[in-house]
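Position in the sequence shown counted from 1, then plus 413, gives you this note's numbering.
Every residue gets a Cβ at the ideal spot worked out from N, C-alpha and C, and that includes glycine.
Structure, as structure tokens:
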Amino acid sequence: MDRRKCGRTGGDVKEGHWDEQRGGWLSIPGAPGAMGSDAAPSWLETHWARPLHLALTFTLALLLLQAVKLYLRRQGLLRALRLFPGPPTHWLYGSQKELYLEKELQQFDVLVEKYPCAFPHWVGAFQVLLNIYDPEYAKILLNRRDPKIQLGHKFIVPWVGRGLLSLEGKKWYQHRHLLTPAFHFSILKPYIHVMNDCVCRMLDTWEKLCTQDSSVEICEPIRLMTLDSIMKCAFSVQTSSQTESFSTNYFSTVTKLSELIFYRLHSYLHHNDLIYRWSSQGQEFQALCQIARQHPAKIIQERREALKNESEQDKIQKKKSPDFLDIVLCAKSENGEGLSDEELEAELNTFVFGGFDTIASGLSWLFYCMAVNPEHQHQCREEIRGILKPGDTITWDHLDQMPYSTMCIKEALRLYPPGITIARELSKPITFPDGRSLPTGMIVVLNIWALHHNPAVWENPQVFDPQRFSQENSMKRHSYAFLPFSAGPRNCIGQQFSMLELKVGLALMLLRFELLPDPKKPPIPMPHLVLRSKNGIHLYLKPFY
414 MDRRKCGRTG GDVKEGHWDE QRGGWLSIPG APGAMGSDAA PSWLETHWAR
464 PLHLALTFTL ALLLLQAVKL YLRRQGLLRA LRLFPGPPTH WLYGSQKELY
514 LEKELQQFDV LVEKYPCAFP HWVGAFQVLL NIYDPEYAKI LLNRRDPKIQ
564 LGHKFIVPWV GRGLLSLEGK KWYQHRHLLT PAFHFSILKP YIHVMNDCVC
614 RMLDTWEKLC TQDSSVEICE PIRLMTLDSI MKCAFSVQTS SQTESFSTNY
664 FSTVTKLSEL IFYRLHSYLH HNDLIYRWSS QGQEFQALCQ IARQHPAKII
714 QERREALKNE SEQDKIQKKK SPDFLDIVLC AKSENGEGLS DEELEAELNT
764 FVFGGFDTIA SGLSWLFYCM AVNPEHQHQC REEIRGILKP GDTITWDHLD
814 QMPYSTMCIK EALRLYPPGI TIARELSKPI TFPDGRSLPT GMIVVLNIWA
864 LHHNPAVWEN PQVFDPQRFS QENSMKRHSY AFLPFSAGPR NCIGQQFSML
914 ELKVGLALML LRFELLPDPK KPPIPMPHLV LRSKNGIHLY LKPFY
């Protein structure tokens, strides 16, 4: 047999020849059975090998570049914070083990003693916040023009729009200038009757529910009451949000929206807009935003139409108690321009969002402080009984006759501030009184909880002591030691409105009930969009007959 045609064993026929020197069968290039390096490349290798190789190389280069950028960023942050010692951190998840959500407030009570004035809080490996809780530090930060950090506020904008809460620069100043008259004392005075009515509705309900054998969870009813009050002050809405039909609509909508925003803040994957938009929570959030914005938008449109009628316009201007919307609709800037419908809607939503939950938080914790401090509760009640009798309607003139009750309200706001933090992104370097400084771009968080519980500022900070706010002691204290409503040019525009409702709520409550704590259900303070209790606040209510 011809060895060029077959192997030595008489096996399969192959195209090739026998190499005597190598002692092996060599294939003829291009033959059907040919193997080895001379084989023709496949179609995939011809058309895709080089592009795939380039794509892989490009991807690896990008990843390497990103890794270098993150490394340099971390090194830059470490250098910037070298003068600020803090709790131990993990290279990947930062300080989260030390400051996890459920124990965060309790941990701060310890850390403020260990690290005077400030300490860094690492959120992962490449983001860090400098927590400050010293009055001088707070004064410097709050009197600058640094912008608020956009991370949290951009999550709120789809619901409330761009109002005072999220605006910056000239636009913020213009809105603040137009809205300030709506919180003047002359405007707030008639609101006291609205608040009186709303609080009495809530107390009437509690009087039917309370028994000696069971405590009452007060947080949700108070939230309903403050929403009822703020809706009437903002829009002159006559429907009571304390009725079942309303609570299952607007109240449940804004409550769910607050929950979704809070959980998004603590779900770092959902910080990405695209991922969140296509998630089930994101789709629910978008649907609820549309529902929440329908009601204010409809009211604005109806009021705009009414103002086109001159006689209706005269009525609004002559109203003894114009609501928030009346005032803002008629407000004009120096060049004669008012707010657009979109801007009006944003400010009304901001008023509701920023008002009802913060006031509800303050009032709930105030009642709790009264319950666990019966001697101060008794003293407040005696003061209130000196100016009001059961069944009386509280008036504006009564408010100045409640000095001890006012001190108790302020002490409750110190121990349990509704707004826990204020954050700024530095637009230029900052130097603190002790000489330590930070560069542009750093995020500084004024931790109001830590400031109010700082033993270097407050003696025995965990003790409820209203005398801290006597006139004499207040004059001795640093003006930035007590900041429940912030301070500086961006302080809370509605702080007088809030104090008004807290005074009305406390006076009417103590006239009708003795408050007692439920020892089996102590509240657990927990940071949310406002300060809340993880398990609610349960009190025994003992009516006075």
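For residue 591, the closest alpha carbon among the candidates 622, 757, 526 and 464 is that of 757.
The C-beta distance from residue 896 to residue 543 rounds to 17 Å, too long to fall under 8 Å, and the pair is not in contact. Judged by DSSP in its simplified three-state form, residue 855 adopts coil rather than helix or strand. Of the residues 926, 942, 907 and 751, the one whose Cα lies closest to the Cα of residue 600 is 907. Contact between the segment 741-757 and the segment 881-896 is not established, with fewer than three Cβ pairs separated by less than 8 Å. Inclusion of residue 539 and residue 487 in the CB contact set at 7 Å is warranted, their separation being smaller than that value. When only Cα atoms are considered, residue 700 and residue 668 end up about 14 Å apart. In this structure, residue 782 sits away from residue 923, with a CB-CB distance that is not shorter than 7 Å. For residue 796, the CB contacts under 7 Å within the same chain, skipping 5 residues up- and downstream, are 815, 817 and 818 in chain order. In the three-state reduction of the DSSP assignment, residue 939 falls in the strand class.
For residue 698, the CB contacts under 6 Å within the same chain, skipping 5 residues up- and downstream, are 673 in chain order. Between the alpha carbons of residue 949 and residue 631 lies a gap of roughly 7 Å.
Boundaries around residue 715 are those of the alpha helix (DSSP H), 693-720, since no beta strand (DSSP E) includes it.
Taken in chain order, the complete alpha helix (DSSP H) segments of 4 residues or longer contained in the segment 875-950 are 884-889 and 908-925.
Going by beta carbons, residue 760 and residue 560 fall outside the 7 Å limit. Residue environment: residue 567 is assigned as exposed (fewer than 16 neighbouring CB atoms within 10 Å of its CB, all protein chains considered). In the DSSP assignment, residue 534 falls outside any alpha helix (DSSP H) and within the unbroken beta strand (DSSP E) covering 531-535. Looking at 863, 953 and 849, the one whose alpha-carbon comes closest to that of residue 494 is 849. Residue pairing from DSSP places residue 850 in a beta bridge opposite 844.
Here the segment 876-885 makes no contact with the segment 570-584; the two share fewer than three CB pairs at distances below 8 Å. Linking residue 752 to residue 577 through their CA atoms gives a straight-line distance of about 13 Å. Rounded to whole angstroms, the gap between the alpha carbons of residue 644 and residue 737 is 10 Å. Residue 646 and residue 929 have their alpha carbons spaced roughly 31 Å apart. By the criterion of a C-beta distance shorter than 7 Å, residue 946 is surrounded in its chain by 632, 936, 937, 938 and 939, once the five residues flanking it on both sides are discounted.
The C-alpha of residue 878 lies about 7 Å from the C-alpha of residue 824. For residue 680, the closest of 618, 565 and 741 by C-alpha to C-alpha distance is 565. Cβ atoms of residue 874 and residue 744 stay farther apart than 8 Å, at about 42 Å. For residue 838, the enclosing beta strand (DSSP E) has its first and last residue at 834-838. Excluding its 5 nearest sequence neighbours in each direction, residue 925 has C-beta neighbours in its own chain below 8 Å: 616, 620, 803, 956 and 957, listed in chain order. Residue pairing from DSSP places residue 542 in a beta bridge opposite 534 and 856. Shown here for residue 943: same chain residues with a beta carbon closer than 7 Å to its own, the five before and five after excluded, namely 770, 771, 774, 831 and 832 in chain order.
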